[in-house]
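The working numbering puts the sequence shown at residues 24 to 151. Using N, Cα and C, we set each Cβ at its ideal position, and we do this for glycine too. As the structure is a computational prediction, the values presented were derived from the model and not from experiment. Encoded as structure tokens, the structure appears first; notes follow it.
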Amino acid sequence: MTILSVPTLLGQGTKSEKDTLVVLWTSGDIEVAEKMVYMYVYNAKKAKWFDEVIFIIWGPSARLLADNVKLQEEVKKMQEIGIRTEACVACARMYEVDDDLRELGIDVKGMGKPLSDYLKDRYPILTF
């Protein structure tokens, strides 16, 4: 039996004309956000490790982001360098933060289909 730990890299990904990384952030743990997720996501784009970075906020991370001004400032920095930010609308509504996330410029929408498409298209998906 293989046990995958977080973070886990899903999919095999294929080298394409435009390298894209999808980061699926679900953890509500502030230390994970500050010490790993935000640093890696930002630098993956800034250092050009990937041409495109898609940052998905899903589950408890939606509430953490809505409640934390420091993390909100970091998301703005990500957006300023071209990181695409998306959030699961169902999760955001559960935590009653969908409007808060939209105000941050995050594309809040149904994410089941987009995530499934990313997987089918074999994008590398890093989960936290």
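Exercise for review: Run the CB neighbour count on Trp48, radius 10 Å, all protein chains shown included, and call it buried at 16 or more, exposed below.
Suggested key: Working through the sequence shown from its first residue, we reach residue 48 at position 25. Taking every protein chain shown into account, the CB of Trp48 has 16 or more other CB atoms within 10 angstroms, so this residue is buried.
**Study point:** DSSP-derived helix/strand/coil call for Gly125
**Key:** Along the sequence shown, read from residue 1 onward, the residue named residue 125 stands at position 102. Just to set this straight, residue 125 is Arg in the shown sequence, not Gly. If DSSP states are grouped into helix, strand and coil, Arg125 belongs with the helices.
Check your understanding: If you draw a straight line from the alpha carbon of Asp74 to that of Arg116, how long is it in whole angstroms?
Key -> Here residue 74 refers to the residue found at position 51 when the sequence shown is read from its first residue. Here residue 116 refers to the residue found at position 93 when the sequence shown is read from its first residue. Going by the C-alpha atoms only, they are around 31 Å apart.
Check your understanding: Nearest to Ile129 by alpha carbon, out of Met59, Phe78, Leu87 and Leu44?
Key -> Working through the sequence shown from its first residue, we reach residue 129 at position 106. Here the closest residue by C-alpha is Phe78.
Check your understanding: What residue range is occupied by the uninterrupted alpha helix (DSSP H) comprising Asp90?
Key -> As a working note, residue 90 is residue 67 in the sequence shown. Looking at the DSSP string, the run of the alpha helix (DSSP H) that includes Asp90 is Pro83 to Asp90.
Check your understanding: Cβ atoms of Leu88 and Leu124: under 8 Å apart, would you say?
Key -> As a position in the sequence shown, residue 124 is number 101, starting the count at 1. As a position in the sequence shown, residue 88 is number 65, starting the count at 1. The answer is yes: Cβ separation under 8 Å.
Check your understanding: In its own chain, which residues sit with a C-beta less than 7 Å from the C-beta of Met134, not counting the 5 before and 5 after it?
Key -> As a first step, residue 134 is located in the sequence shown; it is residue number 111 there, counting from the start. Hits under 7 Å: Ile79, Trp81, Glu109 and Cys111.
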